[in-house]
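Just so we're aligned: 116 in my numbering is position 104 of the sequence shown, and the numbers increase by one with no gaps anywhere.
Ideal placement from N, C-alpha and C gives every residue a C-beta, glycine not left out.
All remarks here apply to the structure that follows.
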Amino acid sequence: MVHQHFQISFWRVRVCNGARGRACRDVLRDTGNAVKTIIFLPFAMASFAAMAFPADRHIAFERNNAVYIANLGGTNEKKIADGIFPAISPDGTRVAFNTVEKTSDASYVRHIAVTDVATGKTTVFKDVPSDNSYYPSWTADGKQILFSTRPHEVWDLVAINSDGTNFHVLKPGVQNEITRYSPIWARDGQSLFCQDMTNIYQLGLDGAVLSQWKIGKIVPKGDMSGDGRIDVSPDGKRLLLSIDMGEESGRKDWDGPLPALWSFDLESQKTTRLTPKKLFGWDGAWIDNNNILFLSRAAGEKDDSIYRMSVDGKNLKRLIKNARFPSVSAP
13 MVHQHFQISF WRVRVCNGAR GRACRDVLRD TGNAVKTIIF LPFAMASFAA MAFPADRHIA
73 FERNNAVYIA NLGGTNEKKI ADGIFPAISP DGTRVAFNTV EKTSDASYVR HIAVTDVATG
133 KTTVFKDVPS DNSYYPSWTA DGKQILFSTR PHEVWDLVAI NSDGTNFHVL KPGVQNEITR
193 YSPIWARDGQ SLFCQDMTNI YQLGLDGAVL SQWKIGKIVP KGDMSGDGRI DVSPDGKRLL
253 LSIDMGEESG RKDWDGPLPA LWSFDLESQK TTRLTPKKLF GWDGAWIDNN NILFLSRAAG
313 EKDDSIYRMS VDGKNLKRLI KNARFPSVSA P
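Written as structure tokens, this is what we have:
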């Protein structure tokens with residue numbers, strides 16, 4: 013099988029049904045006791061059900077160049093818009109994504125848009141001074157959206173209010189500087205994380221480097237390409253990293269590096285591999301501090317699926333077939 017590509021200057025997106033199938037960019041307890049028991053048991057059961065199947069939390073994902081949402085358990089799928097790279101808001105009421113409008117045989121216009129899940133109303137941010145914008149990320153309070161845009165020959169990291177006002181540049185691109193990929197807000201909204209395929213950065217709101225980590229040092233035999241996603245844990249203490257490992261995949265139907273998910277503790281500076289070698293994992297997103305969503309594909313399958321798993325490697329479960337780029341509303 014071979015990949016199908018469409019080319020975007022300095023940012024390549026592989027939309028394919030090939031062996032790897034990853035969306036890439038080169039370029040988120042007596043009588044009294046009995047009464048107490050009677051009252052407590054239904055309450056406990058309801059609480060357990062709420063924890064196991066939170067009805068108010070949703071997943072957003074991409075399928076066939078369209079944006080879908082589903083319950084956290086993977087049920088009740090619903091298409092809400094045409095587009096790519098969906099990011100659901102922390103409260104689950106809105107989804108930011110990329111529109112893709114073909115303007116000629118070789119050119120496209122791509123804007124950031126936000127769809128209201130309840131009403132289906134979509135607002136396209138056409139006042140952004142670029143027709144090439146990508147990769148939205150919400151602040152934890154849902155008030156701002158971070159994304160990449162290319163107004164000139166380089167990519168800027170920018171932010172805008174969720175209603176489309178107050179557009180401003182956080183980190184302007186620099187000629188001959190490697191693009192900063194995979195931007196995502198820190199939980200306090202006072203900094204952001206990104207990567208340039210060699211280093212992971214924490215940047216201030218003025219674009220200054222606050223911290224920097226060499227990928228090959230924190231993850232031995234690992235690196236990141238433009239599609240190497242970063243997600244920040246709900247408590248803000250760890251990064252979930254999509255890493256390309258320098259290991260043999262052992263699969264005849266896999267033509268790329270072996271993808272693995274790693275957790276990086278920002279305080280201790282230690283990394284932990286979450287997916288074993290036989291479980292390919294990428295495009296990870298935190299469900300809560302102890303569980304993650306991610307993409308994987310079993311040997312012999314043609315499509316990617318969304319899985320969930322606890323960070324100790326237990327409770328692996330496939331939730332949604334034929335899906336890409338999952339994000340999840342906040343706990």
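The shortest CA-to-CA distance from N144 to any of D200, F109, E260 is the one to F109. With distances taken between CA atoms, P269 lies nearest to W294 out of Q281, W294, G248, T283. For the pair A335 and E74, the CB atoms are nearer than the 9 Å cut-off. By the neighbour-count definition (other C-beta atoms within 10 Å, threshold 16), A130 is an exposed residue. Excluding residues up to 5 positions away in sequence, P246, P343 lie with their Cβ nearer than 8 Å to the Cβ of D300 in the same chain. In the structure shown, I332 falls within a strand segment according to DSSP collapsed to helix, strand and coil. The distance from the Cβ of I92 to that of T127 is about 5 Å, consistent with a contact at the 8 Å cut-off.
Per DSSP, I190 lies in no alpha helix (DSSP H) and is assigned neither H nor E. Rounded to whole angstroms, L307 and P338 show a C-alpha spacing of 8 Å. The alpha-carbon of L84 is positioned some 42 Å away from that of N188.
Here the C-alpha atom of F179 lies approximately 35 Å from the C-alpha atom of G228. Put simply, the backbone Cα of G132 is about 15 Å away from that of P98.
The bridge partners DSSP lists for T287 come to none.
Where G95 is concerned, there is no enclosing beta strand (DSSP E), because DSSP gives it neither an H nor an E.
DSSP, read as helix, strand or coil, puts K155 in coil. Linking D200 to D117 through their CA atoms gives a straight-line distance of about 43 Å. By the neighbour-count criterion, in which a residue is buried when 16 or more other Cβ atoms sit within 10 angstroms of its Cβ, V107 is buried. Counting along the chain, K183 sits inside the beta strand (DSSP E) bounded by residues 180 to 183. Within the model, the alpha-carbon separation for P102 versus V323 is close to 21 Å. In terms of Cβ geometry, I196 and N173 do not form a close pair [threshold 9 Å].
Residue pairing by DSSP places T134 opposite T127 in a beta bridge. For G228, the enclosing alpha helix (DSSP H) begins and ends at 227 to 230. By alpha-carbon distance to L305, the top candidate from K282, R122, L331 is L331. Within 10 angstroms of the beta-carbon of D218 lie fewer than 16 other beta-carbons, which makes it exposed.
Under the DSSP definition of a beta bridge, E74 partners with V79, R336. For S149, the uninterrupted beta strand (DSSP E) segment begins and ends at 145 to 150. Excluding the 5 residues flanking it on each side, Q214 has same chain C-beta neighbours closer than 6 Å at S203, F205, L222, S223, in chain order. Secondary structure note for L305: its beta strand (DSSP E) is the uninterrupted segment 303 to 308.
When rounded, the separation of the alpha-carbon atoms in A171 and K264 is 42 Å.
Counting every other CB atom within 10 Å of its CB across the protein chains shown gives L273 a total of 16 or more, marking it as buried.
Annotation: R320 to I81 spans about 16 Å, alpha carbon to alpha carbon.
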